[in-house]
Structures are given as structure tokens and as C-alpha cells.
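K.L.:
So for the sequence shown, the numbering used here puts the first residue at 10; every next one is plus one.
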Amino acid sequence: MEREWKSGIFKEAVSGEIWVGRTNLEGDGQADLKNHGGPEKAVFAYPVEHYSFFHQEYGLTAMQAGGMGENLSLLNMLERDVCIGDTYEIGGALIQVSQPRQPCWKPARRFKRKDLSLLIQNSGRTGWYFRVLQEGFIHSGQTLTLVNRPAPEWTIANCNHVMHVNKEDIEQAVALAACEWLPINWKNTLNKRVQLGNSGNPAKRLYGPNEE
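1) Check whether the region 93-113 and the region 153-161 touch, using three or more Cβ-Cβ pairs below 8 Å as the test.
2) Taking its Cβ as the centre, do 16 or more other Cβ atoms sit within 10 Å of Gly136, making it buried, or is it exposed?
3) How is Val57 classed by DSSP in three states: helix, strand or coil?
4) Determine the closest residue to Glu79 out of Phe62, Asp95, Ala54 and Leu103, with distance taken between C-alpha atoms.
5) Which class does Thr32 belong to by DSSP, given the choice of helix, strand or coil?
6) Would you mind listing the beta strand (DSSP E) stretches within the region 128-182 that are 3+ residues and don't spill past its ends, in chain order?
7) Going by alpha carbons, who is nearest to Asp178 out of Gly25, Asn207, Arg214 and Cys188?
8) Assuming Pro192 contacts Gly94 (C-beta within less than 8 Å), just tell me the rounded distance between them.
9) From this set, Arg122, Gly30, Thr198 and Glu21, which residue's C-alpha is nearest Gly217's C-alpha?
10) What do you reckon, are the CB atoms on Pro110 and Tyr138 nearer than 8 Å?
11) Would you decide whether Ala187 is buried or exposed? Buried here means 16 or more other CB atoms lie within 10 Å of its CB.
12) With Thr70 as the anchor, note down where its beta strand (DSSP E) starts and where it stops.
13) Ala212: buried (16+ other C-beta within 10 angstroms of its C-beta) or exposed?
14) To the nearest angstrom, report how far apart Val203 and Asn194 are at their CA atoms.
15) Out of curiosity, what's the CA-to-CA distance linking Tyr67 and Leu127?
16) Hey, how far is the Cα of Ser132 from the Cα of Ala117?
17) Please state if the CB of Leu215 and the CB of Leu199 are separated by a distance shorter than 8 Å.
18) Out of curiosity, what's the CA-to-CA distance linking Leu69 and Asn197?
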């Protein structure tokens with residue numbers, strides 16, 4: 010857990026305007042471009058309310074807003090309130106919910122608790138990603154205004170439940186994979202589950218080099 014590593018998880022608050030581009034926010038970057046970043050993971054959002062849960066349940070008081078590596082720290086928006094395909098206007102940008110975050114090993118490395126990424130996943134407090142439909146400037150304190158909700162049945166919470174909890178429900182896996190606004194990586198994982206009866210072992214993603 011002490012070995013040298015690289016990550017884009019370390020973020021600093023920005024007070025002025027910032028440009029939201031198709032693949033990320035201006036000045037933001039990812040160390041692992043294979044598993045992070047790109048149009049379907051352009052903007053990572055995380056609810057501020059979740060940090061108190063990790064403080065109270067696990068004593069992880071070092072975790073503060075921004076600690077999960079989010080681009081947007083949001084108030085009054087939780088996984089049960091947000092749906093795949095939701096389109097929001099913020100500042101001059103138009104952004105659309107693409108997928109829940111599937112936590113990798115890096116939050117665990119940052120806060121020096123090996124099972125943290127599994128705890129994040131199992132608690133459903135994952136946050137989610139936006140794709141960018143219209144580039145533009147945003148700044149801190151702006152409100153996200155819902156413009157369109159084409160798939161109200163697929164909240165982030167429901168998607169997490171299908172992917173990580175109710176893995177035996179093939180019917181739900183088929184239904185989620187058919188969602189037009191879900192990105193191809195999620196569709197592929199779900200279709201693999203339908204065809205083969207499993208979608209692989211998440212241990213490498215959750216623990217990575219932290220096991221070494």
C-alpha cells in the first residue's frame with residue numbers, strides 16, 4: 010500500500026470558470042487511460058452526503074469532498090435520484106448520465122484501507138459519470154437543471170443492484186443491457202453474464218496492486 014503510484018484521483022477545488030470538454034474538464038487528467046476517462050466518463054460526480062457515511066461507519070475522517078476524485082461534488086442528488094440517460098444543463102454545458110462508477114483500487118490506496126473500494130461498491134455509494142453533449146463553461150455553485158429523463162426505471166441505484174448484487178437475475182441483466190443510453194462497456198459485461206452465466210471476477214479492479 011506504500012509503493013509509488015500514479016493517479017488522477019487527487020483533485021483541487023476550482024473557484025473560477027472551467028471548460029467542460031467532450032472527454033474531460035480543462036486541466037483534469039487520468040493516469041490510467043485504459044480504464045478511466047474518455048467520452049463516456051468525461052465527468053465524474055459524487056454526492057457530498059456520502060462522506061459522512063464513511064466517517065461514521067468506518068472512521069475514515071480523512072475522506073472529504075473531492076476525496077473520491079470527483080469533478081463535481083453534488084448536494085441533494087443521490088444514486089436513487091439519478092437515472093441513466095438523464096440530461097442536465099449546467100452553465101453553458103449539457104451533460105448526460107452514462108453509467109455508475111465501478112470503483113477501482115485507487116480510493117483504497119489513497120485512504121490506506123484495502124477493502125475500501127469493495128465497501129464503496131457494496132454500499133451503492135458509487136457516484137456516476139456524465140458524457141458531454143454540449144461543451145461549455147461551468148463554475149462552482151451552479152445548479153444542475155434536469156432537461157430530459159428517458160429511462161426513469163434505470164436509476165444509478167438500480168443499475169448498481171443489477172451489476173453487483175442481484176447477479177443471478179438474468180432477466181434484469183438483459184433489460185439493463187437493452188437500455189439505449191447505457192455505454193458499450195456495461196452492455197458487454199451484462200451480455201457476457203447472460204451468455205456465460207458470469208461476468209468475471211472483479212477482484213483485480215477492486216484490489217489491484219494493493220494485494221501485493
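Ideal placement from N, C-alpha and C gives every residue a C-beta, glycine not left out.
In this text the structure is predicted, and so the values were computed from the model without any measurement.
P.N.:
Reading it off the structure:
1) The region 93-113, when compared against the region 153-161, does touch it at the 8 Å Cβ threshold.
2) Locating residue 136 in the sequence shown gives position 127, where the first residue counts as 1. With 16 or more other Cβ atoms within 10 Å, it is buried.
3) Here residue 57 refers to the residue found at position 48 when the sequence shown is read from its first residue. Val57: coil per DSSP, three-state reduction.
4) The sequence position of residue 79 within the sequence shown is 70, counting from 1. Answer by Cα proximity: Ala54.
5) Taking the sequence shown and counting its residues from 1, the one referred to as residue 32 is at position 23. For Thr32, the three-state secondary structure derived from DSSP is coil.
6) Listed in chain order, they are 137-143, 145-147 and 154-157.
7) Translated into the one-based positions of the sequence shown, residue 178 becomes position 169. Of Gly25, Asn207, Arg214 and Cys188, the smallest CA-CA separation from Asp178 is found for Asn207.
8) The residue you call residue 192 lines up with position 183 of the sequence shown. The residue you call residue 94 lines up with position 85 of the sequence shown. 11 Å between Cβ atoms; not a contact.
9) Here residue 217 refers to the residue found at position 208 of the sequence shown. The shortest CA-to-CA distance from Gly217 to any of Arg122, Gly30, Thr198 and Glu21 is the one to Arg122.
10) To locate residue 110, count along the sequence shown from 1; it is residue 101. To locate residue 138, count along the sequence shown from 1; it is residue 129. Here residue 110 is Arg; the residue named in the question, Pro, does not match the sequence. For Arg110 and Tyr138, yes; Cβs fall inside 8 Å.
11) Translated into positions along the sequence shown, residue 187 becomes position 178. By the beta-carbon neighbour count (other beta carbons within 10 angstroms, threshold 16), Ala187 is exposed.
12) As a first step, residue 70 is located in the sequence shown; it is residue number 61 there, counting from the start. Unbroken run through Thr70: none, as it is neither H nor E.
13) Walking along the sequence shown from the start, residue 212 turns up at place 203. Classification of Ala212: exposed, given that the 10 Å Cβ count is below 16.
14) Locating residue 203 in the sequence shown gives position 194, where the first residue counts as 1. Locating residue 194 in the sequence shown gives position 185, where the first residue counts as 1. Cα to Cα, Val203 sits roughly 14 Å from Asn194.
15) Locating residue 67 in the sequence shown gives position 58, counting from the first residue. Locating residue 127 in the sequence shown gives position 118, counting from the first residue. Using only the alpha carbons, I get a separation of about 13 Å.
16) Locating residue 132 in the sequence shown gives position 123, where the first residue counts as 1. Locating residue 117 in the sequence shown gives position 108, where the first residue counts as 1. Spanning the two alpha carbons is a distance of roughly 15 Å.
17) Position 190 of the sequence shown holds residue 199. Position 206 of the sequence shown holds residue 215. The criterion of a C-beta distance shorter than 8 Å is not satisfied by Leu199 and Leu215.
18) By 1-based counting over the sequence shown, the position of residue 69 is 60. By 1-based counting over the sequence shown, the position of residue 197 is 188. Cα-Cα distance, rounded: 34 Å.
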